[in-house]
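Colleague:
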Amino acid sequence: MQARNVLGTSAPLDLSGDPRRLRKERNVRWLFLSAAVFTILVSVAIVLSLVGEAVAFLQSIASEIDEGLGSLMADGWFPRRDRFDLRTIIWHTLSVSIIAMLVATPLGLGAAVYLSEYARPGVRRVLKPVLEVLAGIPSVVLGYFALRFITPDILRNLWDTAQQSNLMAAGIGVGILIIPLVSSVSEDAMQAVPRALREASYGLGAKKWHTSVRVVFPAALSGIVAALILGLSRAIGETMVVAIAAGATGGSLLQLNPLYGGQTMTGAMASLAIGSDQVAGGVAAFQSLFFVGLLLFLMTLVLNIGSERLVRRFRQRY
Amino acid sequence: MPTRLEPAPVMVERMVSSDPASSPSTSLESAPVIFDIRGLNVYYRDFHAVADTDLDIHQNEITALIGPSGCGKSTVLRCFNRMNDLIDGARVEGRVLYHGIDLYGPAVDAVEVRRRIGMVFQKPNPFPKSIYDNIVFGPKVAGWKGNLDDLVEESLRRAALWDEVKDKLESSALDLSGGQQQRLCIARAIATSPDVVLMDEPCSALDPIATYRIETLMRELKERYTIVVVTHNMQQAARVSDRTAFFSVDVGTQGQRTGRLVEYDSTDQVFTAPSLKETEDYITGRFG
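Here the protein sequences line up with chains A and B, keeping their order. According to the working numbering, the residues represented by the first sequence are 1 to 318, in order. According to the working numbering, the residues represented by the second sequence are 1 to 288, in order.
(1) Roughly how many whole angstroms lie between the Cα atoms of serine 23(B) and leucine 276(B)?
(2) Entirely within the segment 32 to 102 of chain B and at least 3 residues each: give me those beta strand (DSSP E) ranges in chain order.
(3) Output needed in chain order: residues of the segment 85 to 104 of chain B with a Cβ under 7 Å from some Cβ in chain A.
(4) Considering only the beta carbon of each residue, do serine 233(A) and asparagine 304(A) sit closer than 8 Å?
(5) Could you check whether the Cβ of alanine 142(B) sits closer than 8 Å to any Cβ belonging to chain A?
(6) Decide if asparagine 81(B) is buried, meaning its Cβ has at least 16 other Cβ atoms within 10 Å, or exposed.
(7) Distance check for glycine 94(B) and glutamate 6(B), CA to CA, integer angstroms please.
(8) Is there a Cβ from chain A that is less than 8 Å from the Cβ of arginine 114(B)?
(9) Quick one: residues in its chain with C-beta nearer than 6 Å to the C-beta of valine 215(A), no 5 flanking neighbours on either side, listed in chain order?
(10) Suppose the cutoff is 8 Å on Cβ atoms and the five residues either side in sequence are ignored; what does the same chain contact list for aspartate 46(B) look like?
(11) Please look up how many angstroms separate the CB atoms of valine 262(B) and aspartate 200(B), rounded, as I've assumed it's under 8 Å.
(12) Provide the residue(s) that pair with proline 129(A) in DSSP beta bridges, ordered along the chain.
(13) Taking the C-alpha atoms as reference points, what is the distance between tryptophan 159(A) and glycine 171(A)?
(14) Closer than 7 Å, Cβ to any Cβ of chain B: which residues of the segment 175 to 202 of chain A, in chain order?
(15) Taking 8 Å as the cut-off, does the segment 111 to 127 of chain B touch the segment 152 to 167 of chain B (at least 3 CB pairs, one atom from each stretch)?
(16) Do you know offhand how far glutamine 254(B)'s Cα is from alanine 245(B)'s?
(17) What are the start and end residues of each continuous beta strand (DSSP E) run of 3 or more residues lying completely inside the segment 112 to 157 of chain B, in chain order?
(18) If you drop the 5 nearest sequence neighbours on each side, which residues of the same chain put their C-beta closer than 6 Å to that of valine 197(B)?
(19) In angstroms with no decimal places, state the Cα-to-Cα distance between glutamine 269(B) and isoleucine 57(B).
(20) Rounded to a whole number of angstroms, what is the C-alpha to C-alpha distance between glutamine 59(B) and arginine 78(B)?
(21) Is valine 193(A) helix, strand or coil by DSSP?
(22) Is it right to say serine 25(B) is buried, meaning 16 or more other beta carbons lie within 10 angstroms of its own, or is it exposed?
(23) So glycine 231(A) packs on isoleucine 176(A), CB below 8 Å; how close in whole Å?
(24) Looking at the structure shown, is valine 108(B) part of a helix, part of a strand, or coil, going by DSSP?
(25) Taking just the CA atoms, how far does glycine 267(A) sit from valine 55(A)?
(26) Glutamate 61(B) and arginine 243(B) look like a contact to me (Cβ under 8 Å); what is the Cβ gap, rounded to whole Å?
(27) Any chance you could list the alpha helix (DSSP H) runs of at least 4 consecutive residues sitting entirely within the segment 172 to 242 of chain B, in chain order?
(28) Once DSSP output is grouped into helix, strand and coil, what is the label at alanine 227(A)?
(29) Strictly below 8 Å CB to CB, what residues from chain B border histidine 92(A)?
(30) Note down, one range per segment and in chain order, each alpha helix (DSSP H) of at least 4 residues found wholly within the segment 134 to 206 of chain A.
(31) Determine whether the beta carbon atoms of arginine 87(A) and alanine 285(A) lie at a separation below 8 Å.
(32) To the nearest angstrom, how far is the alpha carbon of threonine 239(A) from that of glycine 293(A)?
(33) Among the candidates Ala187(B), Gly259(B), Thr267(B), Leu86(B), whose CA atom is the shortest distance from the CA of glycine 70(B)?
(34) Could you check which residue in Lys73(B), Leu86(B), Ala205(B), Gln182(B) has the C-alpha nearest to that of tyrosine 121(A)?
(35) Does the Cβ-Cβ distance between valine 241(A) and leucine 107(A) come in under 8 Å?
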């Protein structure tokens, strides 16, 4: 078949496209694909190295240390003395995270309800970016804030037994750190609740309080739960604040009282990595870093999967 | 926050209007006036949405607000229970007297107003809760103490929905059909024992059968309540309403569109012998 082209000459109709353009599109596709594949490969490599070193750690304590695997339940976390009590650092991580959530949940959700339901648009335009600036504060700054302000000026005025470095101050610092995350994600969830539901509520003579608490909050619950779990996994993984403010750099005994210093999982890893506990080439001590890292990874993984499930169960259609 | 220019008059002794412009000329027996609206102007920031509207709403009647899109009929409706307060930048001027009290007066709480003046919206908007919880929401937030089970049954019966849902009160309201959802919204509105029920195009999202049921329900409800309904559907206005207010749009030199009340009369009069050519053109479908 021949068709007449615009010039009036009859050339064969060719719809196969410019080969150069086609080649370019194929190349672009490969470029993006390789970026995606690279990211996945890096993640897999990290997990593999974590698992490999963690297994090596278990093997070396089983073969080279007198207590063997029993050193995982020893008295305290002192890697250079071959005492790797997991209960100590896990409990410290939990107590810091619980304190952080006790700070961040009421403040973060309160701020979210205010911004979403109470603040006038003008006020919201100013306040939301301010809150997001708080999210940009480097955690090392918050660590020193906890160490130099929260402990001496607040905690020691309340309890004079509080140590210079303690889990409570670190927990409060981590809590402040995750407020913006909790409030911003849950505020987005509340903003996504349709206007029609708010109008229904106000139309029935509900006050702002009832509309917020009985209509908007339940309708946004799945997003709010997600925000809290996101905050919790951030709190568990936060390192700098606890490394500075929770203290006990050389190792620690199990501390049930949060007013005393103690090493969390991340705190223990940080001091192992920078050598502040003066680990001198002890192979098992250094490898324990990866073992703890793997545990942290599993904890946040479980949390994220759990949040997916919760979100699906709570999801309200609207 | 709405702003007002004039101070609120205290209990104006004017239950029945004598103003010929706002009262039907024909022989509807004059029911007491519930809303007495004078010189209503509504602005959204710089946008003048409704200009100089006078309107009387009579007790236990159905008043229909009709007119083309953008004529401000929904805006006027939303002044009756201060729903415009929720829109940032909305400003209401003039008087909206409800039983003689200016709803936009300084001592009036919008929450209190909305407990007496219920509203049903264009798109059915049940809460994502059970049927039961939808009905008891209003009475509960108002702190009503009484038998909730009885209230739920009575409200659903009045909204002609009881027989369809009595065995599944705990199931989600969102599982109902659109027409059932809208009747649920009506039941929810009357559960707070309002004096007036405002309906903003209540049937526009419904099929003809569901529409028919809502219209039947409206005629039953006017025995107890005063109803103001905004509708795009002129047949609906002709079928259900006692009085009809026809709004139109004036387009200004810069294209700004301002709604105004053109004609207000008994529905019979408006549909059979409108006094203005503009109304007649709209009614007969030559415009809008």
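Where is the CB? At the ideal position from N, CA and C, for every residue including glycine.
Modeller: The answer reads as follows:
(1) Its pLDDT being 46, under 50, serine 23(B) is placed unreliably by the model, and nothing is read from it.
(2) 33 to 44, 47 to 58, 62 to 66, 90 to 98
(3) Leu86, Asp88
(4) yes
(5) yes
(6) buried
(7) Confidence at glutamate 6(B) is low in this model, with a pLDDT of 41, below 50, so its placement is unreliable and the value that follows should be read with caution. Distance between the alpha carbons of glutamate 6(B) and glycine 94(B): 7 Å.
(8) yes
(9) Leu197, Ser201
(10) none
(11) In fact, because the Cβ distance is near 20 Å, the residues do not count as touching under 8 Å.
(12) Answer is none; proline 129(A) lacks a bridge partner.
(13) 16 Å
(14) Ala196, Leu197, Glu199, Ala200, Tyr202
(15) no
(16) 27 Å
(17) 117 to 120
(18) Gly118, Ala189, Tyr225, Ile227
(19) 17 Å
(20) 18 Å
(21) coil
(22) Here serine 25(B) scores only 46 on pLDDT, less than 50, and its place in the model is too uncertain to base an answer on.
(23) Not really, about 12 Å apart at Cβ, beyond 8 Å.
(24) coil
(25) 21 Å
(26) 6 Å
(27) 178 to 190, 208 to 221, 234 to 240
(28) helix
(29) Neighbours of histidine 92(A) on chain B: none; closest Cβ ~41 Å, over 8 Å.
(30) 139 to 145, 167 to 191, 195 to 203
(31) no
(32) 12 Å
(33) Gly259(B)
(34) Before going further, note that residue 121(A) is proline rather than tyrosine in the sequence given. Minimum Cα distance to proline 121(A) is reached at Leu86(B).
(35) no
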